[in-house]
RNA sequence: GCCCAGGUGGCGGAAUUGGUAGACGCGCUAGAUUCAGGUUCUAGUGGGCGAAAGCUCGUGGAAGUUCGAGUCUUCUCCUGGGCACCA
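Numbering (our numbering), first residue to last: -16 to 878.
Written out as structure tokens, the structure reads:
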């Protein structure tokens, strides 16, 4: 016997796939295409288990679809710009470019050991000028189309690092590296007009039916459409025609206007700022609001605070009704108009605020039937109901009242119906070196001038220094000094670079023609390959990356680049890879390899023997040390073992627990499969004709084989990989029971073996190829068509009927599946009578004590003794026959 | 606070439409083989009662619909995740 040697085997097949170009994709309009894409990685230098899971999922889909006859595009590349490279430059004095290229080389080598069916000829790195030159062109096209613009916006500024920080780099109001208090600064930045597509981005979510619901929901909320009314409130004692004589509020509940108790403006609302000049106490209050704004956690629990400005607002429907105007910390200047009216009875926040400041709680919507005397306690009433205390609105429901009041106020000229969005335009300027330069030249005379197309790409200079804090690109002695393309006068380049989401917003299109030089991609290629049929990646990109890509595709379409608007037809978001955590007596974290099982079964430190406590399984992270290095697993067990384990234990969208025992199990299965093929219990004659006679076991196994083919195909279609693995193992178990003495068993064994290799190939391609060759089959498994189940053989000859009485299983019957109902049911009934008689007394006694009403129990008892079993319509009482284990389903209630 | 997703053996998880709950794997128990070396094979493995046949309870909890509920409905508890005080 030869032992399965994964090391030489895996390397050999990886080499052969590469040499033969097995996975090189070519456009072929005659063949249906399938584009499967995994989110490309940031080249940190090492792959982790999250990558292994992500890329295995994609590879199984790619290989399966390929076997199904589709023309598969399955590329891989590198999201190569980003902050870690600059940090490495500062910390280790390595140039970002050199560091990134070295990391890419390392990670590519690691990925290759996984045996992924990538078309490596399409590999790309976004830091390559050949890549980013095209996005510079795209940006200029967007600019020409009015989809890009420059304006001032607030940023988090780290005064020590001299740089802008992302929100997640601000910890407790301080820079994450410098620890310096972060300042808010107003900078001129470039924006992309994603809001132009807000309506369409929202509406089209409904058509993305192969996206997870929760991702669609998250995007829906992020876009945040709300329909409402802008209403102008006059300020008492001021001229309503003057600009400071009135202010605008936004509401989605204009129907509750008669329940108004106050008005409130945001702390940075012009009205608040105006009053603060003359009111030091208000100025202090505004400062307090500013402080609570920085810390997320504080904001969560912050209580509703207000400051009475002393000003009064006139109620738009009754000028004699005056509402106090507060400055409130829960009103946001960035949303709506930065001002609200408060209706305590029908809004939780307003209620809390009113209780705190002793404002009236006036009910204007009451539950139907409780119009009189309905009062508010601790909870506001936010459901639909009947309008009360509301003059001309009384008696209407909420929707009708909204319409009526909007019409009235619009007619009065004090309001306007509008739609407000939460979505903001996408700020793409970053004050960073390691990113794509924004192709703009700033001229004192001509303003912002686009770099002429024939001068693209604007290449990032490599001779930069990171000695000074701030943007190395800005510090470069010569790079930014150029002549204005318009007037020829000295001018300066834009030294900001693009947000790295810019690169990942179109890389999927670049993969369609990665070597096109003058354009980002050819029209023919994207028309053929796009959209991505299956996109696979982490849930953490549910909003930004996916939304930006959807926006980008629309913008590219409107600039004439392509014809579609949705880049990803199908989306799968995989769960995290988790592992148990270990700590020593001192409470310090331990790596899994520092822990071993002692003889008494307890876990101890591998060196000291000191006891180790096991913590719950959590997402693998360096800080908790619960990480397993994929390279070590692939080296010790092989890629197929890692791949098989990744697929077998959990459904893809759920978190996966990485366990050593599970890895062992996968490893053992591969060896078992190897033995099944290389030391069969029968003499294999793979191309022999079907024997005329089959033993019962042979017949059953043949049927199981066809059922397995059908089930695995279905499971893979639906991404239920763990179930597919279970079915495959089931077939292996049945094969092991075959022997040489039964009629046709050797033949069935051979058939099943060939099917098994094809079925498992997407998961464990190396061993599949090796066995294929070992058995002397022609060609390679990766080129074999997917096996097809014989429909006649996936239906059992007999069906098992469960016989139930009063919901209790009373027996099962094996019946030929073609027996008609007339035959089936009387026999079931007869069997029931026999069994029923035996225990009826005991059951009747229990029934009388049962929790259900005595009337029902009696009714059933009466019907039972001589009832004929005839299906649900005619037998509401006591007897049923349900079909179990029928692969066809749907047959449980015939007749 | 709001929203979403989950609670099934010792563990990961199966169970198309309501029809024999626990497939498959891990772990564990007993035995066999080989004993060197991440073996392999056989049998068993939800709880309780029982020598066994079998009976009975059982899918977080409580109620309900149904001949029949892991699956449907209502309430409730717990866990995980997301968020935007969005007017």
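Glycine residues also receive a C-beta, built at the ideal position from the N, C-alpha and C atoms. Being a predicted model, the structure only gives us computed values, none of them experimental.
Would you call residue i buried or exposed, if buried means 16 or more other Cβ atoms sit within 10 Å of its Cβ?
i, result
"residue 723", "exposed"
"residue 507", "exposed"
"residue 464", "exposed"
"residue 701", "exposed"
"residue 90", "buried"
"residue 304", "exposed"
"residue -13", "buried"
"residue 579", "exposed"
"residue 395", "exposed"
"residue 473", "exposed"
"residue 210", "exposed"
"residue 734", "buried"
"residue 119", "buried"
"residue 502", "exposed"
"residue 255", "buried"
"residue 197", "exposed"
"residue 50", "buried"
"residue 373", "buried"
"residue 829", "With a pLDDT of only 28 at residue 829, under the threshold of 50, the placement of this residue in the model should not be trusted; the figure read from the coordinates follows. Residue 829 should be labelled exposed."
"residue 192", "exposed"
"residue 2", "exposed"
"residue 376", "buried"
"residue 774", "exposed"
Who are the near neighbours of residue i in its chain, counting only those whose CB is closer than 6 Å to its CB and skipping five residues on each side?
i, result
"residue 344", "327, 328, 337, 359"
"residue 138", "147, 168, 170"
"residue 459", "444, 447"
"residue 691", "710, 714"
With distances taken from CA atoms, which of the options is nearest residue i?
i, options, result
"residue 128", "744, 539, 718, 694", "539"
"residue 469", "435, 495, 451", "435"
"residue 244", "340, 602, 315", "340"
"residue 526", "14, 48, 207", "207"
"residue 331", "356, 362, 346", "362"
"residue 888", "324, 272, 258", "This structure does not reach residue 888, given that the chain is present from -16 up to 878, and the question cannot be answered."
"residue 117", "442, 689, 177, 25", "442"
"residue 412", "323, 520, 286, 173", "173"
"residue 453", "143, 114, 776", "143"
"residue 604", "205, 356, 572", "572"
"residue 114", "419, 606, 675", "419"
"residue 321", "751, 81, 370, 215", "215"
"residue 184", "727, 202, 175", "202"
"residue 521", "21, -8, 759, 93", "21"
"residue 232", "627, 397, 477, 596", "397"
Residue j and residue i - do their beta-carbons sit closer together than 8 Å?
i, j, result
"residue 636", "residue 557", "yes"
"residue 598", "residue 642", "no"
"residue 36", "residue 629", "yes"
"residue 6", "residue 132", "no"
"residue 485", "residue 496", "no"
"residue 421", "residue 296", "no"
"residue 238", "residue 48", "no"
"residue 399", "residue 229", "no"
"residue 314", "residue 249", "yes"
"residue 19", "residue 516", "yes"
"residue -1", "residue 38", "no"
Sorted by chain position, which residues of the same chain lie with C-beta nearer than 7 Å to residue i's C-beta, five sequence neighbours on each side aside?
i, result
"residue 707", "695, 698, 699"
"residue 342", "244, 245, 327"
"residue 52", "768"
So, for residue i: in the same chain, excluding its five sequence neighbours on each side, which residues have a beta-carbon less than 8 Å away from its beta-carbon?
i, result
"residue 302", "217"
"residue 24", "30, 34, 61, 62, 90"
Quiz prompt | Cβ contact check for the region 657 to 675 and the region 739 to 754: 3 or more pairs under 8 Å | solution = When C-beta atoms of the region 657 to 675 are compared with those of the region 739 to 754, three or more pairs fall below 8 Å, so the two segments count as touching.
Quiz item: Is there contact between the region 614 to 623 and the region 746 to 759, where contact requires at least three CB pairs shorter than 8 Å?
Solution: When C-beta atoms of the region 614 to 623 are compared with those of the region 746 to 759, three or more pairs fall below 8 Å, so the two segments count as touching.
Quiz item: Is there contact between the region 511 to 521 and the region 386 to 396, where contact requires at least three CB pairs shorter than 8 Å?
Solution: Because the criterion of three Cβ pairs below 8 Å is not met, the region 511 to 521 and the region 386 to 396 do not touch.
Exercise. Could you say if the region 416 to 426 and the region 450 to 466 meet the contact criterion of at least three C-beta pairs nearer than 8 Å?
Key: Because the criterion of three Cβ pairs below 8 Å is met, the region 416 to 426 and the region 450 to 466 touch.
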